[in-house]
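Okay, so here's the structure we're looking at.
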Amino acid sequence: MPSSTHRPAAGDHFIDFELPDHNGNRRRLSELVGGDPAILQFYRGFWCPKDQASFRELVHLQDEVEVAYTRMISVSVDSPEVEAAFRAGIGGRWTFLSDESRGLQAQLGLLETTDTVHRPYVPTVFTLYPDLKIHTAYNGYWFWGRPTNAELAADLRAITRAIRSDWEVPPR
Amino acid sequence: MTKPWHWFAFRPERPADAFATAPAFRADGAQLGFLAAWSVGVGRKPVGALGIDARAIDPHGQPAWVSLALALERIRVPFDDPTICQAMRLVLAGSSVDVVSTLVRDPSTIGGTFRAVHAPTPDALVDDPFTRIFPRMLLRVERGFVGRMPCPTGPGVQRYAGAPWPWDHF
Numbered sequence: 001m002p003s004s005t006h007r008p009a010a011g012d013h014f015i016d017f018e019l020p021d022h023n024g025n026r027r028r029l030s031e032l033v034g035g036d037p038a039i040l041q042f043y044r045g046f047w048c049p050k051d052q053a054s055f056r057e058l059v060h061l062q063d064e065v066e067v068a069y070t071r072m073i074s075v076s077v078d079s080p081e082v083e084a085a086f087r088a089g090i091g092g093r094w095t096f097l098s099d100e101s102r103g104l105q106a107q108l109g110l111l112e113t114t115d116t117v118h119r120p121y122v123p124t125v126f127t128l129y130p131d132l133k134i135h136t137a138y139n140g141y142w143f144w145g146r147p148t149n150a151e152l153a154a155d156l157r158a159i160t161r162a163i164r165s166d167w168e169v170p171p172r
Numbered sequence: 173m174t175k176p177w178h179w180f181a182f183r184p185e186r187p188a189d190a191f192a193t194a195p196a197f198r199a200d201g202a203q204l205g206f207l208a209a210w211s212v213g214v215g216r217k218p219v220g221a222l223g224i225d226a227r228a229i230d231p232h233g234q235p236a237w238v239s240l241a242l243a244l245e246r247i248r249v250p251f252d253d254p255t256i257c258q259a260m261r262l263v264l265a266g267s268s269v270d271v272v273s274t275l276v277r278d279p280s281t282i283g284g285t286f287r288a289v290h291a292p293t294p295d296a297l298v299d300d301p302f303t304r305i306f307p308r309m310l311l312r313v314e315r316g317f318v319g320r321m322p323c324p325t326g327p328g329v330q331r332y333a334g335a336p337w338p339w340d341h342f
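As they're listed, the protein sequences go chains P and W. The first sequence begins at 1 in my numbering and counts up one residue at a time. The second sequence begins at 173 in my numbering and counts up one residue at a time.
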């Protein structure tokens, strides 16, 4: 994947980046995704009402994801401490990653240039195969560009069907 | 690693055939027994041993505090019991520790939990969600037993092919 301004798109393989999580531990994307389908979400910050609305939906979705051999990862430019507080506040039980230095943001071309105060991520959601290939990319700059839980479920169904050899139950 | 789990037990005496053992003490310094681990597939399963995530055990590990919650022998609690799932959710939502593993009694039954920190005090273990379900011992364990593992990605609470949660691969 080009490293300057090409935003990751469907069919690309996501860069296997490493960032501190909400506890301050360094984590690599491939380790977090493991052998499962994954939702990778980049968000502006706790202060954004659109992000708050998106997270309320993701918190609902995690009750299904938790039994479905699927991972969820959220990334922002907030510090690990701020992310840990936000994660606890919304009731999230998945891993948050901190790109406080904005190095990954620059590499992915996901700086929201219209907010010169926070310089956040452009809200973007990716659904990933276990090998980090992107199934679908959702540009959430405008709220209605963000995926609904039903759309995420459809992506995760397609990925799971593709990677689980026993999707069709073997005949006896 | 051939299996994602080892056999684990708390014993009054140090077992001679375990690949990792360490004495375990109460906070007041009284020795309570030994933690022991055996490789799965090497010899017979030790009597009363429970499956533990292999990453929890390191024969070269540093001293640690361990929150060891063990189910009573006469009580059979399924992994899918809502109280167990809720305790797993609370673990995922809470602060990280260096080791967390459920203990597998048989394919469907939980035998307890093992949580640990490599820290001078056990403060991070005081609030252990599994202590609301099982009696627990808070143990100071000498070097040579407790490993270190990454926090689960979350939010999964299902086991992978019967391995101890949070092992996260088929």
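Backbone N, C-alpha and C fix where the C-beta goes; we use that ideal spot for every residue, glycine too.
At a Cβ-Cβ threshold of 8 Å, V238 (chain W) and A288 (chain W) count as neighbours.
The beta carbon of F342 (chain W) sits closer than 8 Å to some beta carbon of chain P. Residue pairing from DSSP places T127 (chain P) in a beta bridge opposite P:I39, P:T136. When the Cα atoms are used, R28 (chain P) and L132 (chain P) turn out to be separated by approximately 12 Å. Secondary structure note for H60 (chain P): its alpha helix (DSSP H) is the uninterrupted segment 49-65. Within 10 angstroms of the beta-carbon of I229 (chain W) lie 16 or more other beta-carbons, which makes it buried. Y69 (chain P) reaches chain W at G328, Q330, counting residues in chain order whose Cβ is nearer than 7 Å. Judged by DSSP in its simplified three-state form, T255 (chain W) adopts helix.
Rounded to the nearest angstrom, the Cβ distance from T325 (chain W) to I39 (chain P) is 11 Å, too far for a contact under 8 Å. Judged by beta-carbon spacing, D99 (chain P) lies within the 8 Å limit of L19 (chain P), meaning their Cβ atoms are closer than that value. Under the Cβ criterion of 8 Å, W94 (chain P) is counted among the residues facing chain W. The Cβ atoms of Q62 (chain P) and R87 (chain P) do not sit closer than 8 Å to each other. Cβ atoms of V65 (chain P) and F42 (chain P) stay farther apart than 8 Å, at about 18 Å. Residues of the stretch 258-275 of chain W that bring their beta carbon within less than 8 Å of a beta carbon in chain P comprise R261, L264, A265, S267, S268, in sequence order.
For P294 (chain W), the closest alpha carbon among the candidates W:V271, W:H341, W:L275 is that of W:V271. Interface annotation, A9 (chain P): not in contact with chain W, CB-CB separation never under 8 Å.
Going by beta carbons, W179 (chain W) and D225 (chain W) fall outside the 8 Å limit. For the C-beta of G91 (chain P), the chain W residues within less than 8 Å are, from N- to C-terminus, A265. For A88 (chain P), the residues of chain W that pass the 9 Å Cβ criterion are A265, G266, in the order they occur in the chain. The C-alpha of M309 (chain W) is placed about 14 Å away from the C-alpha of P195 (chain W).
For T95 (chain P), the enclosing beta strand (DSSP E) stretches over residues 95-98. A158 (chain P): member of the alpha helix (DSSP H) spanning 149-163, first to last residue. The beta carbons of I159 (chain P) and T127 (chain P) sit about 7 Å from each other, so the pair counts as a contact at 8 Å. Taking all protein chains shown into account, R227 (chain W) has 16 or more neighbouring C-beta atoms within 10 Å of its C-beta and is therefore buried.
With 16 or more other Cβ atoms from the protein chains shown falling within 10 Å of its own Cβ, A192 (chain W) counts as buried. DSSP places G89 (chain P) outside any beta strand (DSSP E); the residue lies instead in the alpha helix (DSSP H), whose first and last residues are 80-90. In the DSSP assignment, G103 (chain P) falls outside any beta strand (DSSP E) and lies within the alpha helix (DSSP H) extending over 103-108.
Using a CB distance cut-off of 8 Å, V75 (chain P) does not count as an interface residue toward chain W. S54 (chain P) is classed as buried because its beta carbon has at least 16 other beta carbons within 10 Å across all chains shown.
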